[in-house]
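Novice: Encoded as structure tokens, here's the structure I'll be asking about.
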Amino acid sequence: MLFENYLKEKIMKPYWKHKNKKWVCPKHIPSAIIPVTISRCWFTNCSSVRPPIVRDTPLIPKCEWFKCDKDNGKPALRRKTSKYCSVDCKNKNARHAYNLRKKAKVI
Ligand SMILES: [Zn+2]
Ligand SMILES: [Zn+2]
Numbered sequence: 457m458l459f460e461n462y463l464k465e466k467i468m469k470p471y472w473k474h475k476n477k478k479w480v481c482p483k484h485i486p487s488a489i490i491p492v493t494i495s496r497c498w499f500t501n502c503s504s505v506r507p508p509i510v511r512d513t514p515l516i517p518k519c520e521w522f523k524c525d526k527d528n529g530k531p532a533l534r535r536k537t538s539k540y541c542s543v544d545c546k547n548k549n550a551r552h553a554y555n556l557r558k559k560a561k562v563i
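Taking the numbering used here, the leading residue of the sequence shown gets 457, the next gets one more, and so forth.
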């Protein structure tokens, strides 16, 4: 029984049930579902704390052209409809790919 408790302490980690709204302390039967506003499990003698708030870092894809410098010398964000930020970059990339292919053939 004690060992089981030990395992629970070790393995049963709190997790989000509804992202950033409700979290679960799985050490209880049934598991405790706790609102985000409470940062510690409300069961006495339970050491669980709220899991870290999940922050959505929106992944904005950058221009595919690896030499792109349209954003003040840095790669610019790509357009929704394209892998590139501009026709210019698209053309440059196409030319680059073409040259690579040509080189490969020469060798
Ligand atoms: Zn708990
Ligand atoms: Zn670009």
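Every residue gets a Cβ at the ideal spot worked out from N, C-alpha and C, and that includes glycine. Keep in mind the model is a prediction, meaning the values are calculated, not measured.
At a cut-off of 6 angstroms, would you count residue 548 as near ligand 2, judging by its Cβ distance to the nearest heavy atom?
Specialist: For ligand 2, not one heavy atom lies less than 6 angstroms from the Cβ of residue 548.
Novice: Report the three-state DSSP secondary structure of residue 515 (helix, strand or coil).
Specialist: Residue 515 falls in the coil class under three-state DSSP.
Novice: Helix, strand or coil: how does DSSP classify residue 478 here?
Specialist: Strand at residue 478.
Novice: Count the other CB atoms within 10 Å of the CB of residue 509; is the residue buried (16 or more) or exposed (fewer)?
Specialist: So residue 509 counts as exposed.
Novice: Below 8 angstroms, how does it come out for the segment 492 to 502 and the segment 523 to 543: are there three or more Cβ pairs, yes or no?
Specialist: The segment 492 to 502 vs the segment 523 to 543: no contact.
Novice: Taking 6 angstroms as the line, does the beta carbon of residue 504 fall inside it for any heavy atom of ligand 1?
Specialist: The answer is yes for residue 504.
Novice: Does any heavy atom of ligand 1 sit closer than 6 angstroms to the C-beta of residue 469?
Specialist: Because no heavy atom of ligand 1 lies under 6 angstroms away, the Cβ of residue 469 does not count as near it: no.
Novice: Quick one: give me the first and last residue of the alpha helix (DSSP H) that residue 553 is part of.
Specialist: Taken as a continuous stretch (DSSP letters only), the alpha helix (DSSP H) holding residue 553 covers 543 to 562.
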